[in-house]
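Q:
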Amino acid sequence: MAPDGSPLGLSRLMHFCHAADAGLRQQFNILEDGGRAAYMAWCLTGGFRHLGVDILTSGRNTPSLREPVTPAQKGHISPPDHAVALVGYAFGELGIGEDVRSMAAALRTADVPFGILDFPKGLAARQQDYTAAADVADHSTAPVTCFCLTGFDTGRYLVERGEARFRESYVVGYWPWELPHWPRPWSVAFELVDEVWVSSRFTQDALQLVSPVPVIYMPMCVRLAPPVLFDRSTLGAILGNFLFLYVFDANSYLERKNPAGVIAAFRRAFPTMTEPVGLVLKVMNAPPDSAAWEAVAEAARQDPRIRIIAMTTTRAEVLGLIEACDAYVSLHRSEGFGRTIAEAMLLERPVVATGWSGSDELITQDTALAVRSALIPVEPGAYPLADGTHWADPDLDHAAYCLRQTVQDSHGRAKRVAVARSRVEERHSAAAVGARYRERLNLIGQIINGKTAH
């Protein structure tokens, strides 16, 4: 029987290769018998060689793929040594790159020794954020490894780098996930890890439905760098106009990020085009040949108050842009956490956002204006392997109302901003998060030494 329960058994190595390669996921639908058969035939007739995978050695000695191994059979934490190795996009200018850098900052605050192992291959994003460069190591013998990657990129690490790290250390998957169900074909990824950390209760609920290993709630660290001062006049803003901002990465799927909904809500909120307001969409990785993106760009061109900034900027520049605007809006269909929302709150910008998914922990009645939504099926192709699951469809009329309220109600705006900043500082500061990391790593040390159970 295959790991996904199908009668046509793909090997675990086949599953990892499929999960690790976007082209293979597009070419072969392994949820269908015909797709599985075609993919198996491709693998066995030169596919592995095409991927550069040595089928004689890849994964053959990996304990989690071969037989159960108790934690006590792995290494031992020694306080003077590195306590944990972080695997991630050390220099990547995208959200998951900031995840590993912010984890490093929290560990440093908690005096937990660590090193970062950069894993850039396959990353379609600029890699010029050097703020954690001093923490990057060529190798690490840490007894705990934390993969600050997606679940399928953790599998890609196995395919490309081999099984040693999985065999020789206690493995944590610090995995982002944005939907209420984990995809069945990726269930094999749990065999690579001893436990999973997640950044929201929403993600924890989704993974606990299927995970055979512990799923630990571990909030993310959110920190500010000194923002680069941004000249509002470069945004075409008239002095005194109220500017809304939405920052997103098109590689994180346009349907999920839903910039079209932001534009539609803005135009409903301020229909005469004479109101003293503006909207800025800051996007990176905008796909030039995408019909969906062209529809967004065309909608923006219909309103001279809307400005699109389509480029990759430094994190300090993004923070400067947030600071230069007057409010932050995100009508996402689903988020695992919502880092830019938290950053806007730290910068004391009022927030209007969808009131569903992992961002719910940030978007509460006293911190933001939560936009109502209805749950709808995820359309085919809108998100990888999301068949049969759902996400939010924000109510654009209610979103428009919230945008107007943000402009008009300065007293309520100020109250929410103060509470939001305090809440994010309390829960997501480097000190608060680092203390949680240290506590859990101490417990993992006891697990490794056989002194306690999970």
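Residue numbers (our numbering): 1088 to 1541.
For glycine and all other residues, C-beta sits at the position ideal for the given N, C-alpha and C.
Residues in its own chain within less than 6 angstroms of residue 1461 by CB, not counting five upstream and five downstream?
A: Position 374 of the sequence shown holds residue 1461. Cβ within range, chain order: 1480.
Q: Using CA coordinates, which residue listed in 1344, 1249, 1392, 1354 is at the minimum distance from residue 1320?
A: Along the sequence shown, one-based indexing puts residue 1320 at 233. Among 1344, 1249, 1392, 1354, the Cα nearest to that of residue 1320 is on 1392.
Q: Which of the three DSSP states is assigned to residue 1090 in this structure?
A: Here the question's residue 1090 lines up with position 3 in the sequence shown. A caution first: residue 1090 carries a pLDDT of 44, below 50, which makes its placement in the model too unreliable to give a value.
Q: In whole angstroms, what separates the C-alpha of residue 1304 from that of residue 1286?
A: In the sequence shown, residue 1304 corresponds to position 217, counting from 1. In the sequence shown, residue 1286 corresponds to position 199, counting from 1. In a straight line, the C-alpha of residue 1304 is about 6 angstroms away from that of residue 1286.
Q: Using the Cα positions of residue 1220 and residue 1512, report the straight-line distance between them to the nearest angstrom.
A: Within the sequence shown, the letter at position 133 stands for residue 1220. Within the sequence shown, the letter at position 425 stands for residue 1512. Taking the straight line from one Cα to the other gives about 25 angstroms.
Q: For residue 1234, which residues from the same chain have a beta carbon less than 6 angstroms from its beta carbon, with the 5 sequence-adjacent residues on both sides left out?
A: In the sequence shown, counting from the first residue as 1, residue 1234 sits at position 147. For residue 1234, where only same-chain residues beyond five positions count, the Cβ hits under 6 angstroms are 1174, 1241, 1260.
Q: Closest to residue 1118 by CA distance: which of 1516, 1110, 1097, 1250 is it?
A: Numbered from 1 along the sequence shown, position 31 holds the residue referred to as residue 1118. With distances taken between Cα atoms, residue 1118 lies closest to 1097.
Q: How many Å lie between residue 1369 and residue 1111 at the Cα?
A: Your numbering for residue 1369 matches position 282 in the sequence shown. Your numbering for residue 1111 matches position 24 in the sequence shown. Spanning the two alpha carbons is a distance of roughly 31 angstroms.
Q: Applying the 10 Å Cβ sphere with the 16-neighbour rule, what's the burial state of residue 1515?
A: Position 428 of the sequence shown, counted from the start, is the residue given in the question as residue 1515. Classification for residue 1515: buried.
Q: Going straight from the alpha carbon of residue 1358 to that of residue 1438, what length do you get?
A: Your numbering for residue 1358 matches position 271 in the sequence shown. Your numbering for residue 1438 matches position 351 in the sequence shown. If I take the Cα positions, the gap works out to 21 angstroms.
Q: By DSSP's criteria, residue 1284 is part of a beta bridge. Which residues make up the other side?
A: One-based indexing of the sequence shown puts residue 1284 at position 197. DSSP lists 1261, 1303 as partners of residue 1284.
Q: Can residue 1290 and residue 1445 be called in contact, C-beta distance under 9 angstroms?
A: The sequence position of residue 1290 within the sequence shown is 203, counting from 1. The sequence position of residue 1445 within the sequence shown is 358, counting from 1. Cβ distance < 9 angstroms, so residue 1290 and residue 1445 count as in contact.
Q: For residue 1201, list the residues DSSP reports as bridge partners.
A: The residue labelled residue 1201 in the question sits at position 114 within the sequence shown. Paired residue(s): 1171.
Q: Report the residue ranges of all alpha helix (DSSP H) runs contained in full by the region 1185-1252; include only those spanning at least 4 residues, in chain order.
A: Within the region 1185-1252, the complete alpha helix (DSSP H) runs of at least 4 residues are 1238-1248.
Q: Rounding to the nearest angstrom, what Cα-Cα distance links residue 1432 and residue 1335 in this structure?
A: In the sequence shown, residue 1432 corresponds to position 345, counting from 1. In the sequence shown, residue 1335 corresponds to position 248, counting from 1. Cα to Cα, residue 1432 sits roughly 16 angstroms from residue 1335.
Q: Once the 5 residues before and after residue 1328 are set aside, which same chain residues still bring their CB inside 7 angstroms of it?
A: Your numbering for residue 1328 matches position 241 in the sequence shown. Closer than 7 angstroms at the Cβ level, and outside the excluded window around residue 1328, lie 1363, 1364, 1365.
Q: Grab me the residues of residue 1374's own chain with a C-beta within less than 7 angstroms of its C-beta, minus the 5 sequence neighbours each way, in chain order.
A: Here residue 1374 refers to the residue found at position 287 when the sequence shown is read from its first residue. For residue 1374, where only same-chain residues beyond five positions count, the Cβ hits under 7 angstroms are 1337, 1380.
Q: Between 1184, 1176, 1225, 1257, which has its C-alpha nearest residue 1527's C-alpha?
A: Along the sequence shown, read from residue 1 onward, the residue named residue 1527 stands at position 440. Residue 1527 has its Cα closest to that of 1257, out of 1184, 1176, 1225, 1257.
Q: Please confirm whether residue 1418 has its beta-carbon closer than 9 angstroms to some beta-carbon of chain D.
A: Judged by its chain identifiers, the structure shown contains no chain D, having just a single protein chain.
Q: Counting C-beta neighbours from all protein chains within 10 Å, is the total for residue 1163 16 or more, i.e. buried, or is it exposed?
A: Start at 1 with the first residue of the sequence shown, and residue 1163 comes out as number 76. Because residue 1163 sits at a pLDDT of 43, beneath the cut-off of 50, its placement in the model cannot be relied upon, and the point is left open.
Q: With distance defined between alpha-carbon atoms, name the residue in 1406, 1120, 1127 nearest to residue 1103.
A: Taking the sequence shown and counting its residues from 1, the one referred to as residue 1103 is at position 16. That would be 1127, whose Cα lies nearest to the Cα of residue 1103.
Q: For residue 1293, does the three-state DSSP call read helix, strand or coil?
A: Here residue 1293 corresponds to residue number 206 of the sequence shown, with the count starting at 1. Here residue 1293 sits in helix by DSSP.
Q: Excluding the 5 residues preceding and the 5 following residue 1478 in the sequence, name in chain order all residues of the same chain whose CB lies nearer than 6 angstroms to its CB.
A: Walking along the sequence shown from the start, residue 1478 turns up at place 391. Answer for residue 1478: 1420, 1421, 1465, listed in chain order.
Q: Note the first and the last residue of the continuous alpha helix (DSSP H) segment covering residue 1127.
A: Walking along the sequence shown from the start, residue 1127 turns up at place 40. From DSSP, the alpha helix (DSSP H) with residue 1127 extends over 1120-1129.
Q: Let me check understanding here. Comparing Cα to Cα, which of 1488, 1194, 1331, 1448 lies closest to residue 1518?
A: As a working mapping, residue 1518 is identified with position 431 in the sequence shown. Checking every option, the nearest Cα to that of residue 1518 belongs to 1194.
Q: Could you tell me the alpha carbon to alpha carbon distance between residue 1284 and residue 1239, rounded to whole angstroms?
A: Position 197 of the sequence shown holds residue 1284. Position 152 of the sequence shown holds residue 1239. About 15 angstroms.
Q: Would you kindly work out how many angstroms separate the C-alpha atoms of residue 1493 and residue 1207, rounded to a whole number?
A: As a working note, residue 1493 is residue 406 in the sequence shown. As a working note, residue 1207 is residue 120 in the sequence shown. For residue 1493 and residue 1207, the distance between alpha carbons rounds to 40 angstroms.
Q: What separation, rounded to the nearest whole angstrom, lies between the Cα atoms of residue 1402 and residue 1486?
A: Mapped onto the sequence shown, residue 1402 falls at position 315. Mapped onto the sequence shown, residue 1486 falls at position 399. So the alpha carbons of these two residues sit roughly 27 angstroms apart.
Q: Within 10 angstroms of the Cβ of residue 1226, are there 16 or more other Cβ atoms? Answer buried if so, exposed if not.
A: Position 139 of the sequence shown, counting from 1, holds the residue named residue 1226. By the neighbour-count rule (16 or more Cβ atoms within 10 Å), residue 1226 is not buried but exposed.
Q: Report the rounded CA-to-CA distance for residue 1339 versus residue 1378, giving the unit in angstroms.
A: The residue labelled residue 1339 in the question sits at position 252 within the sequence shown. The residue labelled residue 1378 in the question sits at position 291 within the sequence shown. Those two C-alpha atoms are separated by around 16 angstroms.
Q: Nearest to residue 1262 by CA position, among 1536, 1190, 1417, is which residue?
A: Your numbering for residue 1262 matches position 175 in the sequence shown. Cα-wise, what sits closest to residue 1262 is 1190.
Q: For residue 1450 and residue 1211, I'd like the C-alpha separation in whole angstroms.
A: As a working mapping, residue 1450 is identified with position 363 in the sequence shown. As a working mapping, residue 1211 is identified with position 124 in the sequence shown. Approximately 30 angstroms, taken between the alpha carbons.
Q: If residue 1440 sits next to residue 1458, beta carbons under 8 angstroms apart, how far is it from one beta carbon to the other, in whole angstroms?
A: Counting from one through the sequence shown, the residue named residue 1440 turns up at place 353. Counting from one through the sequence shown, the residue named residue 1458 turns up at place 371. That belief holds up - the Cβ atoms of residue 1440 and residue 1458 are roughly 6 angstroms apart, short of 8 angstroms.
Q: Does residue 1464 come out as helix, strand or coil in the three-state DSSP assignment?
A: Here the question's residue 1464 lines up with position 377 in the sequence shown. Residue 1464 falls in the strand class under three-state DSSP.
Q: Based on the DSSP output, what are the partners of residue 1371 in its beta bridges?
A: Locating residue 1371 in the sequence shown gives position 284, counting from the first residue. Beta-bridge pairing links residue 1371 to 1336.
Q: Less than 8 angstroms between the CB atoms is what I'm expecting for residue 1213 and residue 1255, so what's the real figure, rounded?
A: Position 126 of the sequence shown, counting from 1, holds the residue named residue 1213. Position 168 of the sequence shown, counting from 1, holds the residue named residue 1255. Between residue 1255 and residue 1213 the Cβ distance is about 33 angstroms, and since that is not below 8 angstroms, they are no contact.
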